[in-house]
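Converting from the sequence shown to my numbering requires adding 770 to each position, the first position being numbered 1.
Reading through the C-alpha cells given below for one structure.
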Amino acid sequence: ARNMSDDEEYAYSDDDDYAYSDDEQDSKMEEACSEPRYQIPDSSYKIVDYQEILPMMQHMAQEASSLLGISDDMSLVLLHQFRWNKERLVEIFFSDSDKALEKAGLVVTDLSTGNCEACKENFCRICLSQCQPSSLYSLACNHKFCFECYTGYLNSIIGDGPICITATCPEHQCHQRVLSETVKSMCTPETYDKFIMYVTRNFIETSSTMRWCPAPGCEKVAIGSGITTVHCSCSNSFCFRCGGESHDPAR
C-alpha cells in the first residue's frame, strides 16, 4: 500500500498567487492527466500498473516543455510547483514567466547571490577544499561544490524520503531547485530511480483522477472520474474518493 506517514508529507508552495480554493483545485486537477490513451469517461475507471504512470508524467512534462520552450527537467519542477496542473502552469507562465520560474526556484541567468567574490573562487563551499574548476559543480546560482560533497548531499536528502523532490542548492538560504538531470549525473542509477519514484508518487497522490489500491503490496493505480467503488485486478475493492474500504456513497 502507498499510504504515506505524517513525516513523509510532500511540500507545496503556499504562495497566495498560485493558491486555489478546494473547489477550484478539484476542478483544475481533473484536467491534469493529458495522455490521450488515459482519457477516462465519467463514471468509469482503468486499473494500470505503477510503472505505466511514469510515461504519463513524462508525456505531460514534454508537452509543457514544448509549449513553454524550456527543458523537460525544468517543466517537471514547474508542474510540481503548480500541483501538476499543466493548464494553470501555462496560463501563469505566459502571464509572467520570470515570476513563475522564480517561485519554482529556477533561474536561467546567474543571480546576484552567485556573483559574490566567494562564488568566483575555486573551492568547495562544504569542505572548503581548493579544487580544479573541472572538479566543481554548480547550479545556475553558481554556488560551487566539489563532486564528492554534492553527491553526498544528494544521497543524504534522497535518503530522507519524499521531501527530496523539493531539494535545493546546498548553499544556505539558496532556493535554486535541483533538477533530475543533476541527480542522474551525480548519483547511482538506483538512487536516481528512487528520486524519480518519489516524483511519480507525488504525481499520483496529487491528482484527483488517480488513486493507489490500498491492498498491501499492490502496485496498481486506478485512474477514473465520477466513480466511488473500484475493483482492482488484485481482487481488492476500495472507495476511489477516500481510498478506504469499499462502501456505499453518502446520500
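Glycine is no exception: its CB is placed at the ideal position from the N, C-alpha and C atoms.
None of the values given here were measured: they were computed from a predicted structure.
Contact set for Ile-927: own chain, Cβ-Cβ below 6 Å, skip 5 residues either direction: Cβ within range, chain order: Cys-934, Ala-937.
Residues of its chain near Ser-950, where Cβ-Cβ distance is below 6 Å and the 5 sequence neighbours each way are ignored: Closer than 6 Å at the Cβ level, and outside the excluded window around Ser-950, lie Asp-843.
Nearest to Arg-1011 (by Cα), restricted to the options Lys-990, Ser-1005, Ser-977, Leu-871: Closest option to Arg-1011, Cα to Cα, is Ser-977.
Cross-strand partners of Cys-988 (DSSP beta bridge): Looking at the DSSP assignment, Cys-988 forms no beta bridge with any residue, so it has no partner.
Residue from Arg-981, Leu-846, Pro-932 whose Cα sits closest to the Cα of Tyr-820: Out of Arg-981, Leu-846, Pro-932, Arg-981 has the C-alpha closest to the C-alpha of Tyr-820.
Local Cβ density within 10 Å of Phe-973, reported as buried at 16 or more and exposed below that: Burial call: buried.
Ile-817, enclosing beta strand (DSSP E) - first and last residue: Looking at the DSSP string, the run of the beta strand (DSSP E) that includes Ile-817 is 814-819.
Alpha carbon of Leu-859 to alpha carbon of Phe-893, nearest angstrom: Approximately 38 Å, taken between the alpha carbons.
Cβ-Cβ distance between Gln-946 and Leu-906 below 7 Å: Here Gln-946 is not near Leu-906, since their CB atoms are 7 Å or more apart.
Pair within 7 Å by beta-carbon distance, Cys-1009 and Lys-990: Not a contact, by the Cβ cut-off of 7 Å.
Run of the alpha helix (DSSP H) containing Thr-936, from where it starts to where it stops: Thr-936: not part of any alpha helix (DSSP H); DSSP gives it neither H nor E.
Contacts around Tyr-923, its chain only, beta-carbon distance under 8 Å, and the 5 residues preceding and following it disregarded: Taking Tyr-923 as the centre and dropping the five residues before and after it, the same chain places the C-beta of Ile-896, Phe-915, Pro-940 closer than 8 Å to its C-beta, in chain order.
Unbroken beta strand (DSSP E) run spanning His-1001, endpoints: In the DSSP annotation of this structure, the continuous segment of the beta strand (DSSP E) that includes His-1001 starts and ends at 999-1001.
Expected contact under 8 Å - CB spacing of Met-826 and Leu-849 to nearest Å: The beta-carbon separation of Met-826 and Leu-849, rounded to 12 Å, does not stay under the 8 Å limit for a contact.
Simplified DSSP state of Leu-898, which is helix, strand or coil: Residue state, collapsed to three classes: coil.
Burial state of Ser-1005, where buried means 16 or more other Cβ atoms lie within 10 Å: The residue is exposed, with fewer than 16 neighbouring Cβ atoms inside 10 Å.
Alpha carbon of Glu-857 to alpha carbon of Lys-964, nearest angstrom: When rounded, the distance between both Cα atoms is 28 Å.
Status (buried if at least 16 other CB within 10 Å, exposed otherwise) for Phe-863: So Phe-863 counts as buried.
Proximity winner among Cys-988, Gly-987, Gly-1013, relative to Gly-994 (alpha-carbon distances): Looking only at Cys-988, Gly-987, Gly-1013, the smallest Cα-Cα distance to Gly-994 is reached by Gly-1013.
Beta carbon of Ala-834 nearer than 7 Å to that of Ser-845: Yes, they are a contact pair.
Rounded separation between Thr-921 and Lys-954 - CA only: When only Cα atoms are considered, Thr-921 and Lys-954 end up about 10 Å apart.
Delimiting residues of the beta strand (DSSP E) encompassing Phe-1008: Looking at the DSSP string, the run of the beta strand (DSSP E) that includes Phe-1008 is 1007-1009.
Residues sharing a beta bridge with Arg-947, DSSP: Thr-938.
Beta-carbon proximity check, Ile-817 vs Ala-992, cutoff 7 Å: Taking 7 Å as the cut-off, the beta carbon of Ile-817 is found closer than this to the beta carbon of Ala-992.
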